[in-house]
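Following our numbering from start to finish, the sequence shown increments by one per residue and tops out at 694.
No residue lacks a Cβ here, since even glycine has one placed at the ideal position from N, Cα and C.
Here the structure comes first, spelled out in structure tokens, and everything after it is commentary.
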Amino acid sequence: MADNAQLIAQCEARAKEWLTPAFDEETRKEVQAMLDAEDKTALIDAFYQNLEFGTGGLRGIMGAGTNRMNKYIVGMATQGFANYVLKAFPGKQCAVVVGHDNRNNGRMFAETVAAIFSANGIKAYLFESLRPTPEISFAIRQLGCQAGVNVTASHNPREYNGYKAYWDDGAQVLSPHDKGIIDEVNKVKIEDVKFEPNYDLIEIIGGEMDWDYLQAVREAMVDQDVILRQKDLNIVYSPMHGTGRVIIPEALRSWGFQNIHVVREQMVIDGNFPTVVSPNPENAEAMTLGMKLGTKLNADLVIASDPDADRLAIVCRNDKGEWEILNGNQTAMMFSWYIITNKKKLGQLKGNEFMVKTIVTSEMIADIAKKNGVEIYDEYTGFKWIAYRIRVNEGKKKYIGGGEESFGFLPFDKVRDKDSPASICLICEIAAWAKDNGMTLYDLLMNIYAEYGFSKETTINVVKPGKSGADEIKQMMADFRANPPKELGGSKICLWKDYQTLEWCDAQGNKGKLDMPATSNVLQWFTEDGIKISVRPSGTEPKIKFYCEIRDNSFKCAGCYERCTNAANEKIEAIKKSLNL
């Protein structure tokens with residue numbers, strides 16, 4: 114009780130700082146209402162901490178408070194970021210790219226960011242309107258900038274907005290830069306923020322960069338001939354009210370596809386996402402309108418991008434002619450198989466190629482790469498780590514693709530973040546190749562399972578909101594480390610990995626060190642029968658995630674799919690019981 118009283122007192126003290134004239138009247142009223150309320154829950158959630166950089170920036174619910182997305186938190190973050198950029202590149206005329214998606218307040222936040230950078234003597238290239246996340250990454254590299262900011266909360270619910278911070282390679286910031294920026298941000302007080310813009314240092318960009326980006330996206334193409342033969346592939350596309358609405362249909366046409374239909378209701382730019390519960394391509398509900406149009410038009414496939422167009426969703430027809438939503442592991446698996454197999458057939462592999470996946474993504478991708486003699490790297494969750502590996506190998510080895518289970522893939526190296534325009538074009542090429550060979554995407558997936566064994570992946574999200582939730586998640590990880598499980602759903606664990614200590618141990622008592630570029634709060638458990646469980650707190654949302662992968666080598670043909678899927682689902686339920694989830 115004393116702890117709670119102390120926390121309330123701390124939050125009240127912080128909140129009172131927001132009642133000064135440095136903050137606008139609307140903000141002061143919102144804060145005063147929280148201070149006056151008998152229930153202090155809203156006050157605590159808004160002020161118990163500073164909104165921190167997670168996987169590359171800020172993300173939070175919009176509103177007043179230190180733990181909320183608002184122009185003051187964005188302002189202080191940008192001032193700190195600007196201070197760090199100037200320290201990192203002394204004596205240089207620095208430049209940044211600033212973009213945003215369709216979310217509420219996005220343009221206002223982006224203009225605030227550009228204004229503050231310019232006021233600090235840093236040139237700001239501000240996109241004229243909303244643009245995809247991968248184009249921001251591309252522009253940073255194309256313009257030779259030192260950093261960049263994209264105002265987006267990706268696929269989060271409508272209440273959220275965010276701020277992705279990028280470095281000079283076009284990738285989201287990594288250590289030491291993320292920690293350095295945080296240190297600078299923590300020094301900033303509201304009165305330190307230079308909000309008044311220097312318009313001489315703000316340049317609006319748009320169409321020319323779009324053209325350059327679209328030309329670069331064509332580098333992800335593997336086989337132009339197969340597209341020309343199947344140029345009438347029947348494609349339905351939805352941008353989920355977001356940034357893909359113009360550039361993705363243009364990209365598809367530039368590749369040679371001529372039969373593209375859009376979900377008109379979702380072509381409307383709207384930060385309230387009126388046609389979906391949540392604009393997340395991982396949720397089947399978000400694909401409902403696309404599938405409805407696909408049925409009406411007898412489409413070959415339905416595709417969608419999330420609001421900032423870094424992730425993609427793919428829906429294809431199964432062996433019964435019904436729509437089947439592919440998960441992120443299946444799409445990454447299919448991309449990897451196609452890129453390797455067809456580059457090999459076309460003589461495009463020279464022997465120095467590599468691919469990248471994250472540690473929580475399906476091991477099937479590693480199996481495909483290894484069988485075909487392509488080097489594969491395992492990196493931490495978050496595309497910034499895939500970008501890290503590309504940077505380390507730049508000039509020595511050739512990157513040909515990388516992805517993660519959360520519906521993100523990058524099939525070329527001119528961008529250093531997830532890229533749905535390029536990935537959507539490539540999945541349509543894969544569908545064209547499959548059709549050219551008398552198959553659907555679903556048939557191709559079944560063939561991959563028949564060759565490499567069946568794999569079922571699912572993510573269990575345990576949501577724990579607020580301060581109490583953050584404490585619960587911390588305790589869950591501590592308990593797992595103190596008492597690691599010995600079995601999961603009846604399967605004996607034979608290998609334990611802890612990426613926080615960078616140590617592994619097996620059932621025989623052997624121990625060793627994990628070779629990773631940094632530590633991370635992730636645990637992994639592997640069983641004797643091929644199960645992999647990865648546990649990590651989300652870096653951007655109030656949840657702890659359990660990534661499950663179940664393998665089954667009894668898969669021989671498409672007729673085995675239902676049996677293997679049911680068996681895997683039963684195993685996952687047993688695992689949940691073992692972990693008390």
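Measuring CA to CA, which of the options is closest to residue i?
i	options	result
K344	E321, I361, I373, G384	I373
D421	I561, Y451, T265, D383	T265
K599	F659, I249, L346, S691	S691
K510	L601, E466, E517, G369	E466
Q613	E570, M590, G603	M590
I489	P270, L627, I503	I503
R424	V339, F251, D530, N163	D530
I229	V209, E241, E139, Y562	V209
K548	G566, I315, R430	R430
V469	T494, G622, S242, P650	T494
E518	S475, K457, W131, V428	S475
A128	A118, E139, Q119, A177	A177
D338	G369, V389, G320	G369
L601	Y565, L627, A681, R649	A681
N560	W617, A671, G579	A671
D611	G622, P392, D592, T632	T632
P352	F386, C618, W436	F386
Q621	G603, Q637, M629, E641	E641
D592	N693, L171, I318, V211	N693
Could you have a look at residue i and say whether DSSP puts it in helix, strand or coil?
i	result
D665	strand
Y674	helix
P650	strand
P691	The sequence as given places Ser at residue 691; Pro does not occur at that position. Helix.
K205	coil
F308	coil
V286	coil
Q119	helix
F230	helix
W131	helix
Y161	coil
N263	strand
M559	helix
T179	coil
L156	helix
K302	coil
G219	helix
I294	helix
E224	helix
Return the first residue and the last residue of the beta strand (DSSP E) that residue i is part of.
i	result
F251	Here F251 belongs to no beta strand (DSSP E); instead the alpha helix (DSSP H) covers 246-255.
W609	604-611
Y276	273-280
V575	567-576
K624	624-626
S519	No beta strand (DSSP E) holds S519; DSSP gives it neither H nor E.
Q588	Where Q588 is concerned, there is no enclosing beta strand (DSSP E), although the alpha helix (DSSP H) it sits in stretches over 579-595.
S418	414-418
F525	No beta strand (DSSP E) holds F525; DSSP gives it neither H nor E.
Q637	636-640
I427	425-430
D619	616-619
R70	Coverage of the chain is limited to positions 114 through 694, which leaves residue 70 absent and any answer about it impossible.
L439	436-439
Assign residue i to buried or exposed, taking buried as 16 or more other Cβ atoms, counted over all protein chains shown, within 10 Å of its Cβ.
i	result
K605	exposed
W546	buried
T154	exposed
T133	exposed
M114	In this prediction, M114 scores a pLDDT of 45, lower than 50, which makes its location untrustworthy; no coordinate-derived value is stated.
C677	buried
W324	exposed
N269	buried
N664	The sequence given here places Arg at residue 664; Asn does not occur at that position. It is buried - the Cβ of R664 has at least 16 other Cβ atoms within 10 Å.
K277	buried
G173	buried
K184	buried
Taking the alpha helix (DSSP H) that residue i belongs to, which residues open and close that run?
i	result
E138	138-149
G546	Reading off the sequence shown, one finds Trp at residue 546, where the question assumed Gly. Looking at the DSSP string, the run of the alpha helix (DSSP H) that includes W546 is 533-549.
T191	184-201
G237	One detail in the question is off: residue 237 reads as Ala in this sequence, not Gly. Where A237 is concerned, there is no enclosing alpha helix (DSSP H), although the beta strand (DSSP E) it sits in stretches over 236-240.
L406	401-410
*Enumerated in chain order, which unbroken segments of the beta strand (DSSP E) with a length of 3 residues or greater are wholly contained in the stretch 448-516?*
466-471, 488-492, all fully within the stretch 448-516.
*Which parts of the stretch 319-397 are runs of the alpha helix (DSSP H), unbroken and 4 residues or longer, counting only runs that do not cross its ends?*
Complete alpha helix (DSSP H) runs here, min 4: 320-330, 337-342, 357-368.
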